[in-house]
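The structure appears right after this line, and notes come after that.
Residue numbers (the numbering used here): 115 to 261.
Here you go:
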């Protein structure tokens, strides 16, 4: 079991009998991570993850750290879902999503590649390379992360 309640509840969402209860407890804590979202090992919902909203078509890798206020979702919310070309968002291993980061995909599948850091309040609108640091609105690559 994980050391903090919100992170433990993220894993408990997949339990057959208590998964739905864990999902609703997360919602009460201000965290929206649908049960359909797979989460890899050693995931961390930093500082309780208040305000985290993750689209049901997201995939989260191992050793990912998500801070409060992060959103993973569609960039074209003005369109009905049936008209959207959004397919999903993949967060690969060892990614850090800083407080307030918005990861928004309009077309197809967006990939936040292994080791990427998305800075505080950045608005990421495109896939990244590995070990990149992204910041700004809209976010752009501002450097490489040291391994």
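Quick reminder that beta carbons are idealized off the backbone N, C-alpha and C, glycines included.
Anticipated Cβ contact below 8 Å, residue i with residue j, distance rounded
i	j	result
residue 182	residue 167	At roughly 11 Å, the Cβ-Cβ gap does not stay under 8 Å, so residue 182 and residue 167 are not in contact.
residue 185	residue 204	Not really, about 16 Å apart at Cβ, beyond 8 Å.
residue 244	residue 229	5 Å
residue 140	residue 120	7 Å
Backbone secondary structure at residue i - three-state DSSP
i	result
residue 139	helix
residue 115	For residue 115, the predicted model reports a pLDDT of 43, less than 50, meaning its position is unreliable and no value from the coordinates is stated.
residue 243	coil
residue 160	helix
residue 124	helix
residue 132	coil
Contact under 8 Å by Cβ, residue i with residue j
i	j	result
residue 215	residue 189	no
residue 159	residue 124	yes
residue 226	residue 212	no
residue 175	residue 206	yes
residue 237	residue 202	no
residue 171	residue 156	no
Continuous beta strand (DSSP E) stretch holding residue i: start and end
i	result
residue 225	221–226
residue 173	172–174
residue 186	185–188
residue 204	199–205
residue 144	First-last for residue 144: undefined, no H or E at that position.
residue 254	254–258
Three or more beta-carbon pairs under 8 Å between the stretch 241–254 and the stretch 214–233, yes or no? yes
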